[in-house]
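Protein chains in written order, with our numbering: chain A, 137 to 477; chain B, 137 to 477; chain C, 137 to 477.
Inspection log for the structure reproduced underneath, given as structure tokens.
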Amino acid sequence: MKTNAGRFFEDYKIGEVIAHAVPRTLSGGERALYHALYPSRGALYSSDEFARACGLAQSPLDDLIVFHTVFGKTVPDISLNAVANLGYGEGRFLAPVYAGDTLSSSSEVIGLKQNSNGKSGVVYVRTTGRNQRGEAVLDYVRWVMVRKKDLGAPAPDTVIPELAKAVAPEDLVIPAGLDFSAYDFAQAGEPYRARDYAIGEVIDHVDGVTVEEAEHMLATRLWQNTAKVHFDATFRPDGQRLIYGGHIISLARALSFNGLANAQMIAAINAGAHANPCFSGMTVKAWSEVLDVAETKAPGVAAVRLRLVATNGAQPELRGADGKYHADVLLDLDYWALMPA
Amino acid sequence: MKTNAGRFFEDYKIGEVIAHAVPRTLSGGERALYHALYPSRGALYSSDEFARACGLAQSPLDDLIVFHTVFGKTVPDISLNAVANLGYGEGRFLAPVYAGDTLSSSSEVIGLKQNSNGKSGVVYVRTTGRNQRGEAVLDYVRWVMVRKKDLGAPAPDTVIPELAKAVAPEDLVIPAGLDFSAYDFAQAGEPYRARDYAIGEVIDHVDGVTVEEAEHMLATRLWQNTAKVHFDATFRPDGQRLIYGGHIISLARALSFNGLANAQMIAAINAGAHANPCFSGMTVKAWSEVLDVAETKAPGVAAVRLRLVATNGAQPELRGADGKYHADVLLDLDYWALMPA
Amino acid sequence: MKTNAGRFFEDYKIGEVIAHAVPRTLSGGERALYHALYPSRGALYSSDEFARACGLAQSPLDDLIVFHTVFGKTVPDISLNAVANLGYGEGRFLAPVYAGDTLSSSSEVIGLKQNSNGKSGVVYVRTTGRNQRGEAVLDYVRWVMVRKKDLGAPAPDTVIPELAKAVAPEDLVIPAGLDFSAYDFAQAGEPYRARDYAIGEVIDHVDGVTVEEAEHMLATRLWQNTAKVHFDATFRPDGQRLIYGGHIISLARALSFNGLANAQMIAAINAGAHANPCFSGMTVKAWSEVLDVAETKAPGVAAVRLRLVATNGAQPELRGADGKYHADVLLDLDYWALMPA
Numbered sequence: 137m138k139t140n141a142g143r144f145f146e147d148y149k150i151g152e153v154i155a156h157a158v159p160r161t162l163s164g165g166e167r168a169l170y171h172a173l174y175p176s177r178g179a180l181y182s183s184d185e186f187a188r189a190c191g192l193a194q195s196p197l198d199d200l201i202v203f204h205t206v207f208g209k210t211v212p213d214i215s216l217n218a219v220a221n222l223g224y225g226e227g228r229f230l231a232p233v234y235a236g237d238t239l240s241s242s243s244e245v246i247g248l249k250q251n252s253n254g255k256s257g258v259v260y261v262r263t264t265g266r267n268q269r270g271e272a273v274l275d276y277v278r279w280v281m282v283r284k285k286d287l288g289a290p291a292p293d294t295v296i297p298e299l300a301k302a303v304a305p306e307d308l309v310i311p312a313g314l315d316f317s318a319y320d321f322a323q324a325g326e327p328y329r330a331r332d333y334a335i336g337e338v339i340d341h342v343d344g345v346t347v348e349e350a351e352h353m354l355a356t357r358l359w360q361n362t363a364k365v366h367f368d369a370t371f372r373p374d375g376q377r378l379i380y381g382g383h384i385i386s387l388a389r390a391l392s393f394n395g396l397a398n399a400q401m402i403a404a405i406n407a408g409a410h411a412n413p414c415f416s417g418m419t420v421k422a423w424s425e426v427l428d429v430a431e432t433k434a435p436g437v438a439a440v441r442l443r444l445v446a447t448n449g450a451q452p453e454l455r456g457a458d459g460k461y462h463a464d465v466l467l468d469l470d471y472w473a474l475m476p477a
Numbered sequence: 137m138k139t140n141a142g143r144f145f146e147d148y149k150i151g152e153v154i155a156h157a158v159p160r161t162l163s164g165g166e167r168a169l170y171h172a173l174y175p176s177r178g179a180l181y182s183s184d185e186f187a188r189a190c191g192l193a194q195s196p197l198d199d200l201i202v203f204h205t206v207f208g209k210t211v212p213d214i215s216l217n218a219v220a221n222l223g224y225g226e227g228r229f230l231a232p233v234y235a236g237d238t239l240s241s242s243s244e245v246i247g248l249k250q251n252s253n254g255k256s257g258v259v260y261v262r263t264t265g266r267n268q269r270g271e272a273v274l275d276y277v278r279w280v281m282v283r284k285k286d287l288g289a290p291a292p293d294t295v296i297p298e299l300a301k302a303v304a305p306e307d308l309v310i311p312a313g314l315d316f317s318a319y320d321f322a323q324a325g326e327p328y329r330a331r332d333y334a335i336g337e338v339i340d341h342v343d344g345v346t347v348e349e350a351e352h353m354l355a356t357r358l359w360q361n362t363a364k365v366h367f368d369a370t371f372r373p374d375g376q377r378l379i380y381g382g383h384i385i386s387l388a389r390a391l392s393f394n395g396l397a398n399a400q401m402i403a404a405i406n407a408g409a410h411a412n413p414c415f416s417g418m419t420v421k422a423w424s425e426v427l428d429v430a431e432t433k434a435p436g437v438a439a440v441r442l443r444l445v446a447t448n449g450a451q452p453e454l455r456g457a458d459g460k461y462h463a464d465v466l467l468d469l470d471y472w473a474l475m476p477a
Numbered sequence: 137m138k139t140n141a142g143r144f145f146e147d148y149k150i151g152e153v154i155a156h157a158v159p160r161t162l163s164g165g166e167r168a169l170y171h172a173l174y175p176s177r178g179a180l181y182s183s184d185e186f187a188r189a190c191g192l193a194q195s196p197l198d199d200l201i202v203f204h205t206v207f208g209k210t211v212p213d214i215s216l217n218a219v220a221n222l223g224y225g226e227g228r229f230l231a232p233v234y235a236g237d238t239l240s241s242s243s244e245v246i247g248l249k250q251n252s253n254g255k256s257g258v259v260y261v262r263t264t265g266r267n268q269r270g271e272a273v274l275d276y277v278r279w280v281m282v283r284k285k286d287l288g289a290p291a292p293d294t295v296i297p298e299l300a301k302a303v304a305p306e307d308l309v310i311p312a313g314l315d316f317s318a319y320d321f322a323q324a325g326e327p328y329r330a331r332d333y334a335i336g337e338v339i340d341h342v343d344g345v346t347v348e349e350a351e352h353m354l355a356t357r358l359w360q361n362t363a364k365v366h367f368d369a370t371f372r373p374d375g376q377r378l379i380y381g382g383h384i385i386s387l388a389r390a391l392s393f394n395g396l397a398n399a400q401m402i403a404a405i406n407a408g409a410h411a412n413p414c415f416s417g418m419t420v421k422a423w424s425e426v427l428d429v430a431e432t433k434a435p436g437v438a439a440v441r442l443r444l445v446a447t448n449g450a451q452p453e454l455r456g457a458d459g460k461y462h463a464d465v466l467l468d469l470d471y472w473a474l475m476p477a
């Protein structure tokens, strides 16, 4: 068999480092496609001039382009036989990525726990994306439930990594040179600074996007994520193509411009859960909750910790009385963004 | 409320200049997407070599990329609460835009007229797009009907700008260096010069394109136009997403290659009306009528004034016996194009 | 009539060379779109770094971008009135194409045979694509069945070109500098060299993609192929848009990464047939058969001759008992790929 059947739970060993295949050079083409696929308007990612005025060499590629590209490379090795994508944590963006950069990624197995049914287990990996100079641009932890192929394979010793509930503000990496002290709020689209946001404040981002099959497939392919379930309508018994969770992250983040236009850069992903599956025809809306506000050492730059919730239609509640996510909650993401102080 | 609720009729004052947010750097990515979204084949916009042979530095971005980008920036300030996009006039393309340029736009309120029902009014703006050097690349007048929020707000003095019925040929701005005296008709695809077109001549552009939701949403997002009605299938009672009028302009213009392959550059938009809404599933066709032919001072360059009509299916008539647009007429656009003399 | 009605069978003369219109400059935008449209993962086309390590200046544009662009230009002159696209042969890729290059194409009529019904005939053309320096980058033979307009026009002398069943391995053109002697199999995604493939070996590429209208239209327009049948749902009596055959070639080739990740460059197209039409909603799968393995003079570079079959759903058989293609076989392509020896 020359084709890749993917790894099964018993194939992972603690401490193993997997170098994922197919490095990828990103260009202005990926940047343009990102703007066509998502209603993205952050000025720093839209205009070279705006980015220069903020101390960067040019407009970087959207942080989520970096996330999706690095993530996409892990799919053939990590999640081809995944039953569920359980969560993210300790994600940090470590350096901006520009058109012309080439990204590759690798993952270290940092946790394993066989499920009590003996048919599957949870695999924790820390994935690192690097540019062509070998500099780390992103790392994050992801855990997925993966099927066993050989049910008789012995259960590994259980190792569950201790993960920080959130990246500490002092651990956020601010891009070299970033300076918001002469930030142009008019060009950015909204007048609000970090200090204008109150912890606990909730922002309904108002707009909605009804998603189409062609769009999520274009996006998911662009990141070279080839999980069958996103592309093959004959794969699931219900004939539906499951939309890549990252598509929802990008949609919700782009929608959040309306009320959070100055939350320019994603500095960290503290936690994330794909609460319910998303399918074509759903109308994705989003709301955010301000979880924290912190200072950074960069001039004029603050960090705002946000919960970003994507929903199918309007759904202001995150969980029902039973404590479970409402059926129309699609995403619950906890992240740090950099904003004028 | 940190989100943008848009302006209402009573929020506009004559003479006010609104600087629209989010400058945008355009690249070869937007150019490629334009070719994927529209059946565009104009040689000047397809080939750097052809453009150089016509005296330009390289192939410029399609004029309508410039129009859509400049227009898109105005939406949050001008048409978020628009009931109808009523018309365009006095539009002139002032300088070519190349990959790497960054565009921004601003609008001056030049006319106001409250409707007799007291619930809405017409706002006239002159919008100017500028590149990163502050040079104007496009200006045009647009008027939209906008709702009042506070019905008790006093009606403003009525000001209706006097608009030229068409840009005078001597006011057309010809790109510096443009020279069609060695124009390669074989490469361009058709042998016809301006002198081969008779005033009154009508050209059926033959081809049709059945439009899809994913396509018009990709296009409209690419121009950072975020009007809900284009994206959210739950917004209109009929569950249909209204297609951005500019999508129809670009479709029709691209279809007009077949018969007008040498109408290379758009120099002016004299007038334009979105006669009827367009929805996914319609098959857009187009025909043109030659309205005028004029000389320019540039070597070998003539100007041809064209009416471009987009229809849902074939519809050779513009108006019915009642003088109204036929229900299957989508667009009636009057523009000047530059063509070999 | 200023519009192009296309040529009919009686309009072609043996030896005539047709220079096709509208040269096209390709950029990183087309490259990104190719990755969004097809699940393409070949490392040489994904990463500038990987391409440099293989002796090239940077990552070239996918060979099929070149094929589609060159082919697209021929449509208005060759296949606008085609009843059927009958086959391909003697195709050779002659030089890599990079972002920034401008392609044009021309075709020589090398064969004519009127059908016995007197209503149509077969036209054979040899098409050559050239870059901005006039260097040939691709040539191939295609034959199509074209309608006669004037049924009374005399039949031409029958000329049927003798075409090689396959390009001989010694006639393959290896890009200057290509060197696979330090090939990084881990980055490329699979460990298999040419010597690991046995003649007769069949590889099921496992994955499938359900195709959408928006996708094939975006792709087909990107190559400036404007045949009505791909875009206009009112053109065929059944209301279906026929998918451009090249879309299936690209889909199948991209799917073949899974099992043939190291079949990096297409060196030749020996033969090709679009066995059955493809429509939106079908789920395209693919399998390959190894037909031959050969040496080349380039360091570490072998050539592998492959049959690539695209199917609607899973269909391991090529032909039925009657010798005809199974109804769910979409494509039967015979090509040479360059692979580490």
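Each residue gets a CB set at the ideal place from its N, CA and C atoms; glycine is no exception.
Please confirm whether residue i has its beta-carbon closer than 7 Å to some beta-carbon of chain B.
i: C/R372; result: no
i: A/R160; result: no
i: A/Y486; result: In this structure chain A extends from 137 to 477, so residue 486 of chain A is not present and cannot be described.
i: A/D184; result: yes
i: A/D198; result: no
i: C/E271; result: no
Are the C-beta of residue i and some C-beta of chain A separated by less than 7 Å?
i: C/R177; result: yes
i: C/T238; result: no
i: C/G164; result: yes
i: C/G336; result: no
i: B/R266; result: no
i: C/D147; result: no
i: C/V345; result: yes
i: B/K433; result: no
Indicate whether at least one CB of chain C lies closer than 7 Å to the CB of residue i.
i: B/F203; result: no
i: A/D368; result: yes
i: A/A193; result: no
i: A/T263; result: no
i: B/E351; result: yes
i: B/H171; result: yes
Look at the Cβ atom of residue i, then the Cβ atom of residue j, and state whether they are nearer than 7 Å.
i: C/D315; j: C/G191; result: yes
i: C/G265; j: C/V347; result: no
i: B/T161; j: A/S183; result: yes
i: C/A411; j: C/D468; result: yes
i: B/F229; j: B/L200; result: no
i: C/N217; j: C/R283; result: yes
Since residue i and residue j are thought to touch, with beta carbons under 8 Å apart, how far apart are those beta carbons, to the nearest angstrom?
i: B/D156; j: B/S215; result: Contrary to the premise, residue 156 of chain B reads as His rather than Asp in this sequence. Not confirmed; about 11 Å, so no contact.
Quiz item: Which whole runs of the alpha helix (DSSP H) in the segment 140 to 190 of chain A are 4 residues long or more, in chain order?
Solution: 164 to 173, 179 to 182 and 184 to 189
Quiz item: Looking at C-beta atoms only, is the number of pairs between the segment 351 to 364 of chain B and the segment 356 to 363 of chain C that lie closer than 8 Å three or more?
Solution: no
Quiz item: Do three or more CB pairs link the segment 459 to 466 of chain C to the segment 398 to 418 of chain C at distances below 8 Å?
Solution: yes
Quiz prompt | Length at least 3, wholly inside the segment 356 to 409 of chain B: the beta strand (DSSP E) runs in chain order | solution = none
Quiz item: Do the segment 373 to 382 of chain B and the segment 429 to 444 of chain B make contact, defined as three or more Cβ pairs closer than 8 Å?
Solution: no
Quiz item: Is there contact here, the segment 322 to 331 of chain A with the segment 323 to 331 of chain B, by at least three beta-carbon pairs under 8 Å?
Solution: no
Practice problem: At 4 residues or longer, and completely inside the segment 287 to 371 of chain B: list those alpha helix (DSSP H) runs for me, N to C. | Solution: 321 to 324 and 349 to 358
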